[in-house]
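Student:
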Ligand code: ISL
Ligand code: CA
């Protein structure tokens, strides 16, 4: 069967700032990544997605790029990059770059020119509007708090920024912007990179008309992401990108698509749509959001998760390709979020969550440290945090609106904040978890003495070695890649049970999301006699144990 190479691959995401520091300045870097390629090869992943490594003033940790063809000073040099790329390729590891082109940094030369005057040749590279009645052109609110418009004294106009003011949105309607981006992408492809993860690509095409959006009760702004997602020309732009860049190389592409629906996903990632290979959808990441968006302590209701993931499994089957993820650099640690990070259940529940995701159809993404069962961090003071989203939301909800007390807000940040993903990778039990010999830019989780790579690589029962098995199973079993998905026991509040079927063979995946011992549902009793493909418990049992995940292999 002629199948694209990324369909049975597993991607590993590196957040370079927090992965491995090679020179003691407390910041992870490219040489640090090169040092750890053997570790990744051992894990069995074959694709590495690097969060941005380009020149950046770091207002949003590299997601604000001031030069797309240069390397962030703290991360090293282009020579370090070339070495990393060639060492990766030697080991059969592909490198996917983060492409952040909805916006640039306000220090990018295009923007520095653009703000000089209304008739500057780069003026239309960004989105400038006149004030309306002395105010912002619309009531749009940015992702990380406040208005999405920033006034600029020099020319008396506002520019659009969906993220922080130092991240001005590029104007994709301008063909020169598109060509500038495509040239830059071709330049990286010629260097031999293997793909792109496209940051908020669903937001690049703005509405035809700039007008106020609906404001939720108690809020000041209309959230811009709801207004700009899947805009009128986004598919046109991506088809042009495909024609001018992507189709010329053998790449894997994944678009980050906040606000994407199934219908839209089929356009972005349809097998025949000549746009991207897959998208990241975020519906499942919102199931524990509520009144204050993600800044809410809401318990996950398992049937919601099952319904959502099942919808994506079934609706994209045969027409488009899913990405599968629990974690990334914007999400809290999954074992703390939907598993159980107590001493008793951390490892077993991390393995259960991994099984539940990795047996589905799509390309799984493992976020650095997830393969160790790394946990959330307890942030006591906002001064312990680095993330601009956390710092701004603290001001909004504690200082200004007084919705939360300090303690309540720090609890929510410790449960949901992006810095949970960004604490340094835990390599061994030496000081700072072996991440750096200097002072780490963000505190290391004190549990590194127990949870670290060195200990896990050598332990056959570790979370690491369980991920390694899952990754190998996908490579070796077509049924995991191509099998038909079916959910069972949809209403069950504790168990996530599904099957995958191909050519008469069937896998039954049974995952217990609770710390209770449960009875085997009648409907699957007959199937649980089968051979076991993988399980997080050693012995067979007649009931389903706490956080058990077992995959039964019912051969044809
Ligand atoms: O993290 C989020 C909410 O907490 C998301 O809404 C996130 O902001 C959104 O998915 C866009 O994320 C991407 O673009 C941002 C950057 O800060 C994120 O790190 C990146 O993944 C702006 O470039
Ligand atoms: Ca460093």
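Numbering (the numbering used here), first residue to last: 2 to 557.
Glycine included, every Cβ here is placed at the ideal spot set by N, Cα and C.
(1) Could you give the distance in angstroms between the alpha-carbon of residue 2 and the alpha-carbon of residue 482?
(2) Measuring straight from C-alpha to C-alpha, what distance separates residue 549 and residue 276?
(3) Expressed to the nearest angstrom, what Euclidean distance is found between the alpha-carbon atoms of residue 229 and residue 139?
(4) Looking at the C-beta of residue 290, does it have a partner C-beta in chain D at a distance below 8 Å?
(5) Closest by CA to residue 537, which one among 477, 513, 220 and 156?
(6) Taking 8 Å as the limit between beta carbons, can you name the residues of its chain near residue 150, skipping five residues before and five after?
(7) In the structure shown, what three-state DSSP assignment does residue 2 receive?
(8) Can you tell me whether residue 405 is buried or exposed? The criterion is at least 16 other CB atoms within 10 Å of its CB, across all chains shown.
(9) Determine whether the beta carbon atoms of residue 442 and residue 18 lie at a separation below 8 Å.
(10) What separation, rounded to the nearest whole angstrom, lies between the Cα atoms of residue 90 and residue 147?
(11) Taking residue 55 as the reference, which of 31, 459, 111 and 240 has the closest Cα?
(12) From residue 423 to residue 430, what does the alpha carbon distance come to, in whole angstroms?
(13) Can you give me the C-alpha to C-alpha distance between residue 321 and residue 364, rounded to a whole angstrom?
(14) Check this for me: beta carbons of residue 126 and residue 118, under 8 Å apart or not?
(15) Counting along the chain, where does the alpha helix (DSSP H) carrying residue 180 start and finish?
(16) Could you tell me whether any non-hydrogen atom of ligand 1 is closer than 7 Å to the CB of residue 395?
(17) What is the DSSP secondary structure of residue 1, reduced to helix, strand or coil?
(18) Just checking residue 330 against ligand 1 - is the residue's beta carbon closer than 7 Å to any of the ligand's heavy atoms?
(19) Quick check on the burial criterion: 16 or more other C-beta atoms within 10 angstroms. Buried or exposed for residue 376?
(20) Does at least one heavy atom of ligand 1 sit under 7 Å from the Cβ of residue 292?
(21) For residue 10, which three-state DSSP category applies?
(22) Between the Cα of residue 313 and the Cα atoms of 266, 340 and 290, which residue gives the shortest distance?
(23) With H, G and I counted as helix, E and B as strand and the rest as coil, what does DSSP make of residue 256?
Tutor: According to the data block:
(1) Because the pLDDT at residue 2 is just 48, under 50, the model does not fix this residue reliably, and the value given afterwards should be weighed accordingly. Their backbone Cα atoms lie some 12 Å apart in a straight line.
(2) Linking residue 549 to residue 276 through their CA atoms gives a straight-line distance of about 39 Å.
(3) Answer to the nearest angstrom: the Cα atoms are 13 Å apart.
(4) In the displayed structure, chain D is absent; only one protein chain is listed.
(5) When only C-alpha atoms are compared, the closest one is 513.
(6) Excluding residues within five positions, the ones whose Cβ falls inside 8 Å are 130, 137, 138, 139, 141, 159, 160, 161 and 162.
(7) Per-residue confidence for residue 2 stands at a pLDDT of 48, beneath the threshold of 50, marking its modelled position as unreliable; no derived number is given.
(8) So residue 405 ends up on the buried side.
(9) Taking 8 Å as the Cβ cut-off, residue 442 and residue 18 qualify as a contacting pair.
(10) Straight through space, the alpha carbons of residue 147 and residue 90 are spaced by roughly 43 Å.
(11) Of all alpha-carbon atoms in 31, 459, 111 and 240, the one lying nearest the alpha-carbon of residue 55 is that of 31.
(12) Cα to Cα, the separation comes out at about 18 Å.
(13) One C-alpha to the other measures close to 12 Å.
(14) At the C-beta level, residue 126 and residue 118 stay beyond 8 Å of one another.
(15) Counting along the chain, the alpha helix (DSSP H) containing residue 180 begins and ends at 176-192.
(16) For residue 395, the Cβ stays outside the 7 Å cut-off from all heavy atoms of ligand 1.
(17) For residue 1 there is no data in the structure shown, the boundaries of the chain being 2 and 557.
(18) Yes, Cβ of residue 330 sits closer than 7 Å to a heavy atom of ligand 1.
(19) By the 10 Å Cβ count, residue 376 comes out buried.
(20) Checking every heavy atom of ligand 1 against the Cβ of residue 292, none is found closer than 7 Å.
(21) If DSSP states are grouped into helix, strand and coil, residue 10 belongs with coil.
(22) Taking residue 313 as reference, the option from 266, 340 and 290 with the minimal CA-CA separation is 266.
(23) Three-state DSSP puts residue 256 in a strand.
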